[in-house]
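In the numbering used here, the protein residues as written are 1 to 250.
Where is the CB? At the ideal position from N, CA and C, for every residue including glycine.
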Ligand SMILES: NC(=O)c1ccc[n+]([C@@H]2O[C@H](COP(=O)([O-])OP(=O)(O)OC[C@H]3O[C@@H](n4cnc5c(N)ncnc54)[C@H](O)[C@@H]3O)[C@@H](O)[C@H]2O)c1
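This is the structure:
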């Protein structure tokens, strides 16, 4: 018996990194999982691995910045598994992201970045909320970052906005039995982090942390499953740092 038997979870950007760990964690505990990912081949790989391990998964090529793509994903999730109970808004432009000063970044890149990293979680929430309401409630996690509080340009700005979205959606969806929380990981050892931050910057960060090591994708899974589960039934609008103590907020 798993904690999430009979439940259905959508994880965006689950074709690798932390999203893959979330999807596999949910599947291990009995949920059917939709891998909503822009990289179709990566989504297929993760879905096949979940199925091979005895779980249930569906890969759906999805662009979180597109209303039609996310609506199509929600429809396919309902056709395959009957509806949606949980959503983890994990997808983001992070791997190989361009790094520019705010006064230099082209407005086209800024708009694309924000469409995926900031507006994407709202678009996917809108695509699945009706099904959650129909099933009597649900739970959502937005993947923030400790970068939200570190002033790191547009990546940080998008994560700060996501914290605000978490609070606003928690208020709007609470009356429908839908809880909305966020996880703010500290530096976590994925290919994307290696592409986005130089080694020496990451090493310096890690050296300053009370639990002085890089996070692993699996470190995020327990806290995420807790926030989705009924153990967190009175927890909403919370941004939970999972960061080895990197940032402590009073
Ligand atoms: N790794 C870290 O140190 C760290 C720390 C804090 C927060 N985060 C956040 O965690 C999440 C996962 O990070 P990761 O390190 O696994 O990076 P990642 O780049 O491997 O994961 C992002 C995933 O999103 C997918 N994606 C990108 N654009 C998309 C779109 N338009 N539609 C659907 N999918 C799309 C990518 O293909 C990729 O699989 C991101 O939100 C990131 O900002 C990461």
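Under the DSSP definition of a beta bridge, residue 100 lacks any partner.
When secondary structure is reduced to three states using DSSP, residue 32 falls in the strand class.
Here residue 33 is near residue 56, since their CB atoms are less than 9 angstroms apart. Between the stretch 176 to 192 and the stretch 4 to 14, the count of C-beta pairs closer than 8 angstroms stays below three; the two stretches do not touch. The beta carbon of residue 150 sits closer than 7 angstroms to those of 156, all from its chain and outside the five residues before and after it, given in chain order. DSSP places residue 143 in the uninterrupted beta strand (DSSP E) bounded by 138 to 143. Three or more Cβ pairs closer than 8 angstroms define a contact, and the stretch 131 to 144 meets that threshold against the stretch 227 to 241. For residue 221 and residue 25, the gap between their C-alpha atoms comes out near 6 angstroms. Residue 212 sits exposed, since fewer than 16 C-beta atoms from the chains shown fall within 10 Å of its C-beta. Under the criterion of beta carbons closer than 8 angstroms, residue 202 and residue 187 qualify as touching, at roughly 5 angstroms. Checking the 8 angstroms criterion, the Cβ of residue 199 is out of range of every heavy atom belonging to ligand 1. Residue 93 has its Cβ nearer than 8 angstroms to a heavy atom of ligand 1. Residue 38 has its CB nearer than 8 angstroms to a heavy atom of ligand 1. By the CB criterion at 9 angstroms, residue 129 and residue 67 fall outside the cutoff.
Within the same chain, Cβ atoms closer than 6 angstroms to the Cβ of residue 178 are found at 132, 137 and 138, the five residues on either side in sequence being excluded.
Residue 91: not part of any alpha helix (DSSP H); DSSP gives it neither H nor E.
Just so you know, the alpha carbons of residue 196 and residue 173 end up roughly 34 angstroms apart. For the set 230, 191, 208 and 14, the Cα lying nearest the Cα of residue 90 is the one of 14. If one requires a minimum length of 3 residues, the beta strand (DSSP E) runs lying completely within the stretch 206 to 243 are 239 to 242, in chain order. The bridge partners DSSP lists for residue 184 are 241.
Annotated three-state conformation of residue 123 is helix, per DSSP.
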